[in-house]
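Trainee: Under my numbering, think of the first position of the sequence shown as 1, with each following residue one higher. Heads up, the beta-carbon is just placed ideally off N, CA and C, and yes, glycines get one too. Computed from a predicted model, the values in this text were never measured in an experiment. This is the structure I want to talk about, given as structure tokens.
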Amino acid sequence: MSWNQQIVKVNNKSLVLQTIKNQGPISRADIAQQLGLTKGTVSSLVNELIEAKLCYETGPGESSGGRRPVLLVFNKAAGYSIGIDLGVNYILGVLTDLDGNIINEKKLNVNVETYDQTLSYMKNIIYFLISNAPESHYGIIGIGIGVPGIVNKEGDILLAPNLGWKQIPLKSDLEEEFQLPIIIENEANAGAYGEKCFGAGKDFEDLIYISAGIGIGVGFILNNELYRGAQGFSGEMGHMIIEINGKECKCGSKGCWELYASEKALLEDAASLSTGDTDVNHLELEYLIENAEGNEKLSSLFEQTGYYLGVGINNIINTFNPEQIIIGNRLAMGKEWMEAPLKQVIEDYTLKQHQRELQITFAKLSIYSAALGVSSYATENFLKSDILN
Ligand SMILES: [Zn+2]
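This is how it looks when you write it as structure tokens:
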């Protein structure tokens, strides 16, 4: 077989696999018809996929006249993927099957630590998930990590202001430890992708995901694809200026959005309510949410955060004209108080043309959006890899 023929064959095999994964149970004849391939070609590719344990045959389906066809199903348990959402104040790890179902998870609340300390927490979580994975043909197929910072195409974290990190070789450190394919992605991009694949964004082509945690990041799905920018640095909208001459930001600028609309801003305001200082170390968002009911001062802080989120989202909507805005990450837990003031800002200020057919919603996957997004990246990578050769 020539090199060209080999490429065509691998491409076709990948298409057959995707079709089975997305539409199974499905017959060989239906795959052939959909992809415009001959039945013979599909049969031989399917045989190889069965041999590679990536799909299997299941009971006969509906007959369209003759013999009832055998149907093919994707083998979602052929291997397992790991997704890690590295937050500023938590690390969440999930183990998923190849269809993105969560099989196991582990979460750790942490305060900002050195890179070495954080790396060792992360390794512990990954080892836990690996050792608790079910037996499978391929084992762990890869690890995806979502990080709150700017990541280059080599998987180095160039800058993570809220972690205080610069120039961190996370990808190579993890490759060395685990000898597995590692993908590093910005967590807002990962969250956008997670919601697009499995959550609130499933039926939308142009959606924008607002990751509102200790900082704010934004992930864009435009025309059904993740938009990364020329060098992969898009979405740092937490640092768009919403208050001229506002508070000073770690990024070197002033009045950045995340100084007013993030979990950190909320915690700081809540701390000054109770003790007069802004020491946030003894406060947790979960605690504030539990106590906001009936506490007017506290619930109005959430409303204020919702208002400021709305201000930034207004700017984003006027720029991108999306179909859908999804508010995700930890602050989405405060939906009860934030939603009304947030939507009010949009209604009052956003250009009316943009508001038609616009949906503003909260993440369906709750805090799992980013972890599921990166685990899904790892799976996709695996399904396009050498296993198809
Ligand atoms: Zn800033």
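Relative to ligand 1, what is the chain-ordered list of residues with a Cβ closer than 6 Å to any of its non-hydrogen atoms?
Mentor: The filter returns H239, C249, C251, S253, C256, in chain order.
Trainee: Ignoring anything shorter than 3 residues, give me the beta strand (DSSP E) runs that lie fully in the region 272-344, in order along the chain.
Mentor: Listed in chain order, they are 324-328.
Trainee: Check the C-beta distance from S376 over to Y193 and give it rounded, since I have them as a contact under 8 Å.
Mentor: Contact holds; Cβ gap of about 7 Å.
Trainee: Straight-line CA distance for G328 to N245?
Mentor: Those two C-alpha atoms are separated by around 28 Å.
Trainee: Roughly how many whole angstroms lie between the Cα atoms of I242 and A261?
Mentor: Spanning the two alpha carbons is a distance of roughly 10 Å.
Trainee: Flag this pair as touching only if the region 116-124 and the region 354-370 have three or more C-beta atom pairs under 8 Å; answer yes or no.
Mentor: The answer is no - the region 354-370 does not touch the region 116-124, with fewer than three Cβ pairs under 8 Å.
Trainee: Rank K250, L285, P341 by C-alpha distance to the C-alpha of L266 and give the top, closest one.
Mentor: With distances taken between Cα atoms, L266 lies closest to L285.
Trainee: Less than 8 Å between the C-beta atoms of Q324 and G217, yes or no?
Mentor: The answer is no: Cβ separation not under 8 Å.
Trainee: If you follow the alpha helix (DSSP H) that S44 is in, where does it begin and where does it stop?
Mentor: Start and end: 39-51.
Trainee: Can you list, in chain order, the residues of its chain whose CB lies under 7 Å from that of K21, leaving out five sequence neighbours each side?
Mentor: The answer, listed in chain order, is F74.
Trainee: I believe Y80 touches L108 by the beta-carbon criterion, under 8 Å. Please report the beta-carbon distance rounded to the nearest angstrom.
Mentor: Not quite, the Cβ-Cβ distance comes to about 20 Å (not below 8 Å), so this is no contact.
Trainee: Tell me, to the nearest whole angstrom, how far the beta carbon of R28 is from that of V8; I am working on the premise that it is less than 8 Å.
Mentor: Not really, about 19 Å apart at Cβ, beyond 8 Å.
Trainee: Does the distance from the CB of Y368 to the CB of V147 come in under 8 Å?
Mentor: Going by C-beta atoms, Y368 is not nearer than 8 Å to V147.
Trainee: Of all the options Q18, W3, Q6, which has the alpha carbon lying nearest to the alpha carbon of F382?
Mentor: With distances taken between Cα atoms, F382 lies closest to Q18.
Trainee: Please report the distance separating the alpha-carbon of E236 from that of N186.
Mentor: The alpha-carbon atoms of E236 and N186 are separated by roughly 10 Å.
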